[in-house]
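Colleague:
If you want it as structure tokens, here you go:
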């Protein structure tokens, strides 16, 4: 795995053979870090950074995310080494690799179960003041209200794009393809549809939780 692999065997003999092994080098690095050697910490980062970059980029396919995961991996590894939680110092490279893999798995699961409310709150082009009622009205627990209100919109296209993007959660590329729109055009259609939907919310006196506001 890139920098996580060790060079080929060096021609040594006798007692030097053990000292030259990758496992012995890893164990010595762990020992120095445990002893408070800051230079050893720098060596650890330099030794494994490049290999982690290749490994995580292959796992994620996303350079920004792989860089974040690399930094998190090295931070966690250093913390565990300092605390003496690396139980097999001679297998430090494997520990680094498994830490990186576990972080990516956790990151993937977190993204996969991100709640719909959070996704809606990140809808582009909405200010904080605009975002709340629309996001809440279209959240999972308010879908019945959302469907009824969407049905009251006069424009069929408004009803279609809002339902498909925010209620059915269809992929935006698929919506673009079926409607013959570019991503920029879809964003404009969504922006205008959201404005009309918010106006309908205000007209019906709905506070965004499916209940009527006080008059």
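In my numbering, the protein residues as written are 3 to 217.
Cβ atoms here follow ideal geometry from the backbone N, Cα and C, with glycine treated the same way.
Since this is a predicted model, take the numbers as computed values, not measurements.
Starting from residue 180, follow the alpha helix (DSSP H) in both directions and report where the run begins and ends.
Modeller: Here the alpha helix (DSSP H) through residue 180 covers 174-181.
Colleague: Tell me, please, whether the segment 54-70 touches the segment 106-113 by the rule of three or more beta-carbon pairs shorter than 8 Å.
Modeller: Counting Cβ pairs under 8 Å, three or more are found: they touch.
Colleague: Quick check on residue 68: buried or exposed, where buried means 16 or more other Cβ atoms within 10 Å of its Cβ?
Modeller: Burial call: buried.
Colleague: Does the segment 29-43 come into contact with the segment 84-98, if we say contact requires no fewer than three beta-carbon pairs (one atom in each stretch) closer than 8 Å?
Modeller: At 8 Å Cβ cutoff, the stretches touch.
Colleague: Let me confirm a value: residue 193 is counted as buried when at least 16 other C-beta atoms fall within 10 Å, else exposed. Which label applies?
Modeller: It counts as exposed.
Colleague: Considering Cα atoms alone, identify which of 85, 87, 71, 172 is closest to residue 99.
Modeller: Ranking the options by Cα distance to residue 99, first place goes to 71.
Colleague: Below 8 Å on the Cβ atoms is my guess for residue 101 versus residue 79; work out the distance and round it to an integer in Å.
Modeller: Contact holds; Cβ gap of about 6 Å.
Colleague: Using the Cα positions of residue 28 and residue 53, report the straight-line distance between them to the nearest angstrom.
Modeller: In a straight line, the C-alpha of residue 28 is about 15 Å away from that of residue 53.
Colleague: Is residue 42 helix, strand or coil when you go by DSSP?
Modeller: Three-state result, residue 42: helix.
Colleague: Would you say residue 85 lies against chain D (beta-carbon separation less than 8 Å)?
Modeller: The displayed structure is made up of one protein chain only, and chain D is not part of it.
Colleague: Taking only the alpha-carbon atoms, compute the straight-line gap between residue 90 and residue 73 and give it to the nearest angstrom.
Modeller: Taking the straight line joining both Cα atoms gives about 22 Å.
Colleague: Assuming residue 73 is part of the alpha helix (DSSP H), what are its boundary residues?
Modeller: 65-84 is the span of the alpha helix (DSSP H), which, as asked, contains residue 73.
Colleague: Could you tell me which of 169, 198, 181, 185 sits nearest to residue 156, measuring between CA atoms?
Modeller: For residue 156, the nearest C-alpha among the options comes from 198.
Colleague: Would you identify the three-state DSSP class for residue 216, choosing helix, strand or coil?
Modeller: In this prediction, residue 216 scores a pLDDT of 38, lower than 50, which makes its location untrustworthy; the coordinate-derived value is nonetheless stated afterwards. Looking at residue 216 - three-state DSSP - the assignment turns out to be coil, as it is neither helix nor strand.
Colleague: Rounded to the nearest angstrom, what separates residue 218 and residue 161 at their Cα positions?
Modeller: The shown model of the chain, from 3 to 217, leaves out residue 218, and the question about it has no answer.
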